[in-house]
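J.: What follows is a single structure, and I will ask about it in a moment.
Structure, rendered in C-alpha cells:
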C-alpha cells in the first residue's frame with residue numbers, strides 16, 4: 144500500500160512504468176483519473192481504466208468472491224496480481240470501503256497506489272512518499288531510498304500523441320515515393336545473375352550508431368608528418384563553416400536545380416545527424432541554440448510557452464532564459480542582404496525563422512523525390528538518390544530524445560531506409576556491361592619471349608607481319624611463325640595499355 148502526497152503526476156509516471164515493464168504481462172492493472180486514451184494505446188491491453196474508486200472496489204469484490212468460491216489448488220496457477228493506481232481525489236467513505244475489502248483479501252496478491260489526501264485515515268500504516276521532492280526518500284517496504292518520478296500534463300499529452308501515431312495504419316505512398324521497390328520476401332532468391340547471393344538484414348550503420356559518424360578530412364588536409372605516420376587529423380567539430388565555404392560550385396548548381404534559387408548566407412539547419420547550424424559553434428550554448436533553431440524551423444509560429452517547455456520538458460526554460468537564447472540566436476544567424484534578420488521579431492509572442500532558412504532534411508526529400516520520379520532507366524535517378532544519402536551523417540537529430548520531434552524522426556528513418564533500399568535495388572538489378580574482347584590465347588612461353596624481346600626486334604617483326612598481311616593473294620600461304628605471333632600479342636597489349644591510360 145502506497146500513498147502519494149502531492150500532485151497526481153507521480154501516479155501517472157507509476158502507471159506508465161508499470162504498464163511498460165516486463166512483468167506486467169501477468170497483472171491486472173486498474174487506473175483512475177488517468178483518462179481512457181492510454182489504456183487503448185498501450186500494447187497487449189495492460190491497463191484498464193475505471194471511472195471512480197467505487198468501480199475499483201466492485202472489481203476487487205468480484206475477485207474476492209471468485210477466489211472464495213473457487214479456491215486455487217496447489218497445482219493450479221496463482222491469481223493474477225491486482226494493482227490499482229489512482230490519480231483522482233478519493234472520498235473518505237470510498238477509501239474506507241476499499242480498506243475493508245483489502246483486509247478480507249488475505250493471501251491474494253494486491254497493491255494500491257492512492258493519493259494521501261482523503262485516504263490516509265483509512266490506511267494509517269501505508270507507506271507515504273512526497274511528490275515533487277528532489278531528494279531521495281526512504282521506502283521501508285523495499286528497504287531502500289527512492290526518488291519519486293513525475294510526468295507533467297504536457298509530457299503525458301506528447302506521449303499519448305506518439306502512441307496515437309504509432310497505432311495509425313500505414314498510409315499508402317504518394318507521388319514519387321510510389322516508385323520505392325517492395326522489399327524482398329524472406330527466402331526469395333533473385334534469378335538475375337547480376338544479383339548477389341545474399342543480402343544481409345543488418346540495419347544501416349548510420350541509423351543505428353550510438354555515436355555520431357566522424358567525417359574524415361580530405362587527403363590534401365593531412366600533413367606530411369601525419370602521412371608518414373599513417374594517421375590524419377580530423378577538423379575540429381567546434382564550428383560548422385558556412386555553407387558557401389563547404390559546398391563546391393558544382394554541388395551548388397545541382398542543388399539549385401533541385402530546390403530552386405536560395406540565399407547561400409541563409410541559416411542552414413542540419414538534422415540528419417547531430418543537430419548543427421552553419422556558423423554556430425558547438426561549444427557554450429551552441430548545441431541548445433542549434434536545437435532551438437531546429438524547433439523554430441519545424442514548428443513555425445510556435446508560442447513562447449510551448450517553446451520553453453519543448454526545450455526542456457522536465458525543467459522548462461524561464462521566460463528570461465528563452466528571451467536571452469532567442470536574442471543570441473538572432474545575433475548568430477545575422478541578417479540577409481537587405482538587413483532583415485533571419486529570425487525576425489514578432490510582437491504576437493510567436494517565433495518563426497525567415498522563409499529563406501534551409502534544412503538538409505528538405506534537400507533530402509527534394510533530391511529523393513526527384514530521383515524516384517526519374518527512375519532507374521539509364522541511371523537517371525541514381526545520382527539524385529546517392530546525393531540524398533550523402534546528406535545523412537548519422538541518426539536524425541543525433542539520437543536525441545525530443546518529444547516534439549518524435550514523429551518527424553520516425554518519418555526521417557522511414558524515408559532514409561526507403562531511399563537506401565531503392566538505391567540498392569536499382570544497383571542490384573541494373574544491366575551489366577557486356578564483357579570486353581579478350582586477346583587471342585597464346586602459349587605462356589610466347590608471352591615471355593615477346594616481353595623480353597628488344598624493341599628493334601619487335602618493330603622488325605611487326606613490319607614483317609604487315610608485309611605478310613599485304614602480300615598478293617597469289618603468294619603461297621605460310622604458317623605464321625612464333626615470332627610474328629609474339630609481335631601481334633605484344634602490339635595488342637601495348638594498344639590496350641595505351642587505351643586504358645587516362646589522358
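In the numbering used here, the protein residues as written are 144 to 646. Each residue gets a CB set at the ideal place from its N, CA and C atoms; glycine is no exception.
Is it the case that the Cβ atoms of residue 456 and residue 511 are separated by a distance below 8 Å?
T.: Not in contact: residue 456 and residue 511 (Cβ atoms no closer than 8 Å).
J.: From the DSSP output, in three-state form, read off residue 317 for me.
T.: Here residue 317 sits in coil by DSSP.
J.: I'd like the span of the beta strand (DSSP E) that includes residue 270, first residue to last.
T.: Segment 270–273, the beta strand (DSSP E) holding residue 270.
J.: Kindly list the residues whose CB is nearer than 6 Å to the CB of residue 227, restricted to its own chain and excluding five residues on each side of it in sequence; keep chain order.
T.: The answer, listed in chain order, is 173, 199, 255.
J.: Mind the definition here: the stretch 282–289 touches the stretch 520–539 only if three or more C-beta pairs lie below 8 Å; say whether that holds.
T.: The answer is no - the stretch 520–539 does not touch the stretch 282–289, with fewer than three Cβ pairs under 8 Å.
J.: Given a threshold of 16 other Cβ atoms within 10 Å of its Cβ, counted over all protein chains shown, does residue 539 qualify as buried or as exposed?
T.: Classification for residue 539: buried.
J.: Could you have a look at residue 165 and say whether DSSP puts it in helix, strand or coil?
T.: Of the three classes helix, strand and coil, the one that applies to residue 165 here is helix, per DSSP.
J.: Looking at the strands, I want to know which residues DSSP matches up with residue 446.
T.: DSSP output for residue 446 lists 493 as bridge partner(s).
J.: Sort 156, 498, 448 by Cα distance to residue 410 and report the nearest one.
T.: Checked all of 156, 498, 448; the closest Cα to residue 410 is 498.
J.: Is the beta carbon of residue 162 closer than 8 Å to that of residue 189?
T.: The answer is yes: Cβ separation under 8 Å.
J.: Mapping the DSSP letters down to three states, classify residue 289 as helix, strand or coil.
T.: In this structure, residue 289 counts as strand in the three-state DSSP scheme.
J.: For the 8 Å Cβ check, are there 3 or more pairs between the stretch 435–444 and the stretch 410–423?
T.: Output reads yes: the stretch 410–423 touches the stretch 435–444.
J.: Please report the distance separating the alpha-carbon of residue 466 from that of residue 459.
T.: One C-alpha to the other measures close to 13 Å.
J.: Going by alpha carbons, who is nearest to residue 508 out of 475, 541, 489, 551?
T.: With distances taken between Cα atoms, residue 508 lies closest to 551.
J.: Between residue 504 and residue 454, is the Cβ-Cβ spacing less than 8 Å?
T.: No, they are not a contact pair.
J.: Give me the residue from 318, 238, 252 with the minimum Cα distance to residue 267.
T.: For residue 267, the nearest C-alpha among the options comes from 238.
J.: Is the beta carbon of residue 146 less than 8 Å from the beta carbon of residue 262?
T.: Their beta carbons are under 8 Å apart, which means residue 146 touches residue 262 by this criterion.
J.: What are the boundary residues of the beta strand (DSSP E) that includes residue 413?
T.: Where residue 413 is concerned, the enclosing beta strand (DSSP E) stretches over 411–413.
J.: Please tell me whether residue 563 and residue 532 are closer than 8 Å, where the distance is taken between their beta carbons.
T.: Going by C-beta atoms, residue 563 is nearer than 8 Å to residue 532.
J.: Locate the alpha helix (DSSP H) running through residue 504, then write down its first and last residues.
T.: Counting along the chain, the alpha helix (DSSP H) containing residue 504 begins and ends at 503–517.
J.: Nearest-angstrom Cα distance between residue 296 and residue 152?
T.: So the alpha carbons of these two residues sit roughly 8 Å apart.
J.: Which same chain residues, not among the five before or five after residue 543, have their C-beta less than 8 Å away from its C-beta?
T.: Excluding sequence neighbours, residue 543 sits near 418, 434.
J.: Return helix, strand or coil for residue 325, following the three-state DSSP convention.
T.: It is coil, neither helix nor strand.
J.: For residue 489, count neighbouring C-beta atoms within 10 Å of its own C-beta (all shown protein chains included) and say buried if the count is 16 or more, exposed if not.
T.: Classification of residue 489: exposed, given that the 10 Å Cβ count is below 16.
J.: Which residue wins for smallest C-alpha separation from residue 159, given the options 319, 194, 211, 300?
T.: Residue 159 has its Cα closest to that of 300, out of 319, 194, 211, 300.
J.: If I measure Cβ to Cβ from residue 322 and keep anything under 6 Å in the same chain, skipping five residues before and after, which residues do I get?
T.: Answer for residue 322: 515, listed in chain order.
J.: So, at 8 Å on beta carbons, what are the nonlocal neighbours of residue 272 in its own chain, with the 5 sequence-adjacent residues on each side left out?
T.: Here the set comprises 145, 146, 147, 148, 153, 280, 282, 289, 291.
J.: Under the DSSP definition of a beta bridge, which residues are partnered with residue 251?
T.: DSSP, once it has assigned bridges, lists no residue as partnering residue 251.
J.: Using a threshold of 8 Å, state whether the C-beta atoms of residue 175 and residue 230 are closer than that.
T.: Yes.
J.: For residue 483, which residues in the same chain have their Cβ closer than 8 Å to its Cβ, ignoring the five residues on either side in sequence?
T.: Result list for residue 483: 497, in chain order.
J.: Give the secondary structure of residue 171 by DSSP, where H, G and I count as helix, E and B as strand, and everything else as coil.
T.: Three-state DSSP puts residue 171 in a strand.
J.: Considering Cα atoms alone, identify which of 232, 182, 245 is closest to residue 201.
T.: Measuring from the Cα of residue 201, the nearest candidate turns out to be 245.
J.: Since I believe residue 170 is in contact with residue 224 (beta carbons under 8 Å), could you give me their beta-carbon distance rounded to a whole number of angstroms?
T.: Contact flag correct, Cβ pair sits at about 5 Å.
J.: Out of 548, 529, 574, 536, which one is the CA nearest neighbour of residue 561?
T.: The option with the nearest alpha carbon to residue 561 is 529.
J.: Give me the Cβ distance between residue 180 and residue 303, rounded to the nearest whole Å; I'm assuming they're in contact under 8 Å.
T.: Right, the Cβ-Cβ distance comes to about 5 Å (below 8 Å), so this counts as a contact.
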